[in-house]
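For reference, the structure discussed in these notes is given below.
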Amino acid sequence: MKTSLERRKVLESSINQLDRMLEIRYVEENIQKLYEDGHVRGSTHLAIGQEAISVGLASVITPKDVVTCTYRGHATALALGVSPEGVLGEICGRQIGCAGGVGGSMHLMDASVGLMPTFAIVGAGLPVAAGVALAAKLKGSKDIAVSICGDGATNIGAFHETLNMASIFKLPIVFIVENNLYGEYTRINLSTPIENLADRADSYAMRKEIVDGQDLDAVITAIKSAVAFARNGEGPTLLEMKTYRYSGHSRSDPATYRLPGELDLWKQRDPLEITAAKLIKSGIFTEAEYVAMQAEVAVRVATAVKTVLASPAPELDQIFKHVSS
Ligand SMILES: Cc1ncc(C[n+]2csc(CCOP(=O)(O)OP(=O)(O)O)c2C)c(N)n1
Ligand SMILES: [Mg+2]
0 MKTSLERRKV
10 LESSINQLDR
20 MLEIRYVEEN
30 IQKLYEDGHV
40 RGSTHLAIGQ
50 EAISVGLASV
60 ITPKDVVTCT
70 YRGHATALAL
80 GVSPEGVLGE
90 ICGRQIGCAG
100 GVGGSMHLMD
110 ASVGLMPTFA
120 IVGAGLPVAA
130 GVALAAKLKG
140 SKDIAVSICG
150 DGATNIGAFH
160 ETLNMASIFK
170 LPIVFIVENN
180 LYGEYTRINL
190 STPIENLADR
200 ADSYAMRKEI
210 VDGQDLDAVI
220 TAIKSAVAFA
230 RNGEGPTLLE
240 MKTYRYSGHS
250 RSDPATYRLP
260 GELDLWKQRD
270 PLEITAAKLI
280 KSGIFTEAEY
290 VAMQAEVAVR
300 VATAVKTVLA
310 SPAPELDQIF
320 KHVSS
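If you're matching positions, the sequence shown starts at 0 in numbering that gives the first Met the number 0 and goes up one per residue.
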């Protein structure tokens, strides 16, 4: 099995980026099945439909950069390099999981590729990322921090305090807001009085950009310039990624609160299909190769599921490991 770092290096070509987006999609679909079959305890939150953002990010930053993200971070973990066994194993509470099976769905982590343990508390990752960015600045390193949060998190106090501090200290940080239009079961227009969340950067005199989060190329271009800006010591950027989650908020939410027809409209702009169509049009990839890739990735993920289900649960004494007193 490849290490997380080795898997990260594979993201250099656009064909490999498409492969990773497919892997994320199939892992997420399998998580839903594993949940329904009783292998997942507690909750789990899928990012189907949002794959381009994580893969775009992982294609740009280095493993020395640090990322904080949310409970919806399975896609980010896989994109950064954590294996399907590491992600699925953690979600199913098995020893093979990336936190040894004691963290679960909302606490994926892998320091070797800069993934801080993912955050279950809305907005909690932002100040931590700012702390990492401040440390990098004080040390004079060129490393940056990235904070990923949802649209709902932009209404949390920690979001505003962190943006203010990041701006005033010119911290090397990129704030990514995955605006998927919903916070739990509430549509954004019922909770948030502005349409473009990027505008929240204006209060903090911060660089901002609205990005088509379904288009991998647009995501990569925006993240590249925000990362260069941060590495040059020029300060933070707020990137609002317009996106959509195909599934409900969490494991058993049928999302009956969606606007009629909304899901179908977004599926017409599926990030995997947009990327595949571009590659096929450019002539560097064929339809047949795409079909073969889908089959290969499906087998890879099915094999990971088998490996995970054969992995034991953590021993009881693991409860006391990594706990400070
Ligand atoms: C501080 C805090 N308040 C409330 C919750 C309950 N909660 C969990 S997810 C969520 C919605 C967050 O929505 P958003 O930031 O848009 O992220 P998304 O789930 O859409 O990715 C809420 C309110 C929480 N986990 N933490
Ligand atoms: Mg949301």
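Virtual Cβ for every residue (Gly too), placed ideally from N, Cα, C.
CA nearest to the CA of residue i, picked from the options
| i | options | result |
| --- | --- | --- |
| residue 43 | 226, 119 and 278 | 119 |
| residue 248 | 61, 56, 48 and 301 | 48 |
| residue 231 | 141, 58 and 161 | 141 |
| residue 30 | 310, 313, 303 and 322 | 303 |
| residue 328 | 239, 268, 79 and 178 | Coverage of the chain is limited to positions 0 through 324, which leaves residue 328 absent and any answer about it impossible. |
| residue 245 | 233, 258, 225 and 266 | 266 |
| residue 322 | 77, 101 and 312 | 101 |
| residue 146 | 77, 22, 161 and 66 | 66 |
| residue 33 | 92, 55, 51 and 109 | 92 |
| residue 177 | 189, 188 and 211 | 211 |
| residue 408 | 218, 4, 103 and 37 | Any property of residue 408 remains undetermined from this structure, which presents the chain solely from 0 to 324. |
| residue 131 | 28, 239, 110 and 151 | 110 |
| residue 122 | 148, 107, 144 and 1 | 148 |
| residue 136 | 165, 153 and 254 | 165 |
| residue 320 | 38, 99, 4 and 39 | 99 |
| residue 307 | 64, 88, 1 and 46 | 88 |
Buried versus exposed, by CB contacts within 10 Å (16 or more), residue i
| i | result |
| --- | --- |
| residue 83 | buried |
| residue 73 | buried |
| residue 7 | buried |
| residue 158 | buried |
| residue 330 | Residue 330 lies beyond the range of the chain shown here (0 to 324); nothing can be said about it. |
| residue 179 | buried |
| residue 316 | exposed |
| residue 128 | buried |
| residue 287 | exposed |
| residue 298 | exposed |
| residue 194 | exposed |
| residue 0 | exposed |
| residue 46 | buried |
Residues bridged to residue i (per DSSP)
| i | result |
| --- | --- |
| residue 144 | 65 and 172 |
| residue 241 | 178 and 211 |
| residue 236 | 173 and 206 |
| residue 268 | Partner(s): none; residue 268 has no beta bridge. |
| residue 325 | It is not possible to answer for residue 325, since the shown part of the chain is limited to 0 through 324. |
| residue 149 | 177 |
| residue 185 | 182 |
| residue 109 | 114 |
Fill in: Nearest-residue set for ligand 2, Cβ under 6 Å from any heavy atom
149, 150, 151, 179, 181 and 182
Discussion item. I'd like to know if the segment 268–285 and the segment 15–23 are in contact, where contact means that at least 3 CB-CB pairs between them fall below 8 Å.
Written reply: yes
Item to complete: Spell out a yes or no on whether the segment 278–295 and the segment 224–243 are touching, meaning 3 or more CB-CB pairs, one atom from each, closer than 8 Å.
Response: no
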